[in-house]
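In the order they appear, the protein sequences are chains P and Z. Under this note's numbering, the letters of the first sequence match residues 121 to 228, in that order. Under this note's numbering, the letters of the second sequence match residues 7 to 264, in that order.
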Amino acid sequence: MNDSALAIVCTVAAVTVFCRALPFLFFHGSRPIPPAVTYLGLALPYAVISLLVVYCLRGIDLSASPFGAPELIASVLTVLVHLWKRNNLLSIGVATAAYMLMVQFLFR
Amino acid sequence: MPLKSGNSFIKLNGETKMSNKSTKMIQAVFTATAPVFCGYVFVGMAYGLLLQKAGYGWWWALLTSLIVYAGSMQFVLVGLLTNPAGLLQTAIITLVVNIRHAFYGLSMIELFREFRFRKPYMIFSLTDETYSLLCSVKTPDGIEKHQFLFLISLLNQCYWVAGSVAGAAFGELVRFDSKGLDFALTALFLVIFTEQWLTAKSRIPAVIGIAAGLACLLLFGANSFLPPALALTVLALLLGRNQIGHRLINPKETGVAK
C-alpha cells in the first residue's frame, strides 16, 4: 500500500514540476523569446491576479443564506481599507479579522 | 593606542552596517510574506490534519509538502491516496489542476535567467501565492533584489511545510478556532489586484481576467473553470495585443521588470 502511495505522490510531484517548468523548457538558454510571448508575460500577471480573485471566491453560493455575505463584505472591506491607506498588511489583517468574526459568530 | 581604537571603531562600524543590511532584508522578507504566512500555515495545517485522518502521518505531510508543494493539488492528492486511481489517471488529474502554472512561468523567463543556480528552485516553488508576490512586490532600497525574491519563495514553502507537518502531528490538539483565517490569501490577491488596478499602464488585462473567470465559472462550474478561463484569457489577450501591448512596454514598477 505504501509503495503505491509513494508512486502516486511521485507522479503528482513530477507532473506539477513539469507544469511549472514548461515555459522554461521551451525558452531555455539564449533562445530568443518571440515578441508575442514577451507580451503575454507582461500582460498575464494582471489577468491572472483577477482570475485568482474569482478562483478564491468561486465557492460562494448566492442562492442560499447567507448569500456569500461574509466573503463579499470582507472583499469590499479589503479594497476600501487598501484604497484608504495603501498598506498591504493593514488591508489583509483588517479584512481577515472581520471575515473570521463573521463566519465564527455572525453567520454560523 | 588612538590608532588602534580608531581601527576597531571602523571595523565595528562596518559590522553594524552589515547587520543593518541583513536586518533590513529579514524585515522586508517577513513583511512581504506575512499574508502568505497566515494562509499557508493554517491551510497547511488543515491539509496535514486531513492527511493524518486518511491514515498518513506527519512523515507523509513532510514528504508531500516538500516535493509536491501545490496547495489545491495536495488536497486532491489526499483523495487519490485514499481512493487510488491508476498512475496515468493521477497524472492527467494533476495536469488539469496545475496546468495554470505553465502560464505563470511566461512572465518569469527573463527574470529567472538572472537567478543562475537558484533558478531551478524558483521554478519549482512557483505557486499561485509566490507568483503573485514575485509579480507585485517592490524590492526596498538597499536590498539585493534576487536574494530578496529567492528568500520570499523559500520562506513561503517553509510556512507550508511547517503548517502541514504541524497539522498532521498535532492538528487535533489545536483549540484555537482558525476558521476563516484562510481568507488572508483571498485578501492578498484582492490587495494585489487593487494595487495593480491603480498603477497598471492598462486595465484591460485585469478586466479580461475577471470577465473570462466569471464567464467560465458560469459555464463550467466552480471545480473545473480555471483551465478554460486561462485559455480564454490568453486568447483574448492575444486578440487585444494591438490595443494593450504598447501600453505595457515600460513596466518598471513590478518585480517582473528588469
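Quick reminder that beta carbons are idealized off the backbone N, C-alpha and C, glycines included.
A straight line joining the alpha-carbon of P/L126 with that of Z/R209 spans about 45 Å. Three or more beta-carbon pairs drawn from the stretch 159-178 of chain Z and the stretch 39-48 of chain Z are found closer than 8 Å, and the two stretches are therefore classed as touching. In the assembly as shown, Z/L179 is an exposed residue. Its beta-carbon has fewer than 16 other beta-carbons within 10 Å.
P/D181 and P/G161 have their C-alpha atoms some 33 Å from each other. Two segments are said to touch when three or more pairs of C-beta atoms, one from each, lie closer than 8 Å; by this definition the stretch 221-239 of chain Z does not touch the stretch 27-38 of chain Z. The Cβ-Cβ distance between Z/V42 and Z/L157 does not fall below 7 Å. Not flagged as an interface residue toward chain P: Z/G54, since no C-beta distance is shorter than 7 Å.
Exclusion of the five residues before and after Z/A67 leaves G54, L57, S170, V171, A174 as the residues of its chain whose Cβ lies within less than 6 Å of its Cβ. Closest in C-alpha terms to P/Y166, from the list Z/F199, Z/D147, Z/L191, comes Z/F199. An exposed status is given to P/V196, since fewer than 16 other beta-carbon atoms sit within 10 Å of its beta-carbon. In the structure shown, Z/D134 adopts helical secondary structure according to DSSP, grouped into three states.
DSSP places P/V201 in the helix class (H, G or I) of the three-state scheme. Judged by DSSP secondary structure, Z/F195 falls within the alpha helix (DSSP H) whose first and last residues are 189-205.
Residues of chain Z with a Cβ closer than 8 Å to the Cβ of P/L226 do not exist, since the nearest Cβ in that chain sits about 11 Å away. Contact fails between the stretch 119-126 of chain Z and the stretch 95-102 of chain Z, because fewer than three Cβ pairs, one in each stretch, are under 8 Å apart. No Cβ of chain P is located within less than 7 Å of the beta carbon of Z/V49. For Z/V240, the uninterrupted alpha helix (DSSP H) run begins and ends at 232-245, by DSSP. By the criterion of at least three beta-carbon pairs nearer than 8 Å, the stretch 187-205 of chain P is in contact with the stretch 186-198 of chain Z.
Contact annotation for Z/A206 against chain P: Y166 [CB-CB distance below 8 Å, chain order]. Within chain P, the residues whose beta carbon sits less than 8 Å from that of Z/V240 are L160, L164, listed in sequence order.
Contacts with chain P at 7 Å (Cβ-Cβ) do not include Z/G61.
A residue is called buried when at least 16 other Cβ atoms come within 10 angstroms of its Cβ; Z/Q33 does not meet this threshold and is exposed.
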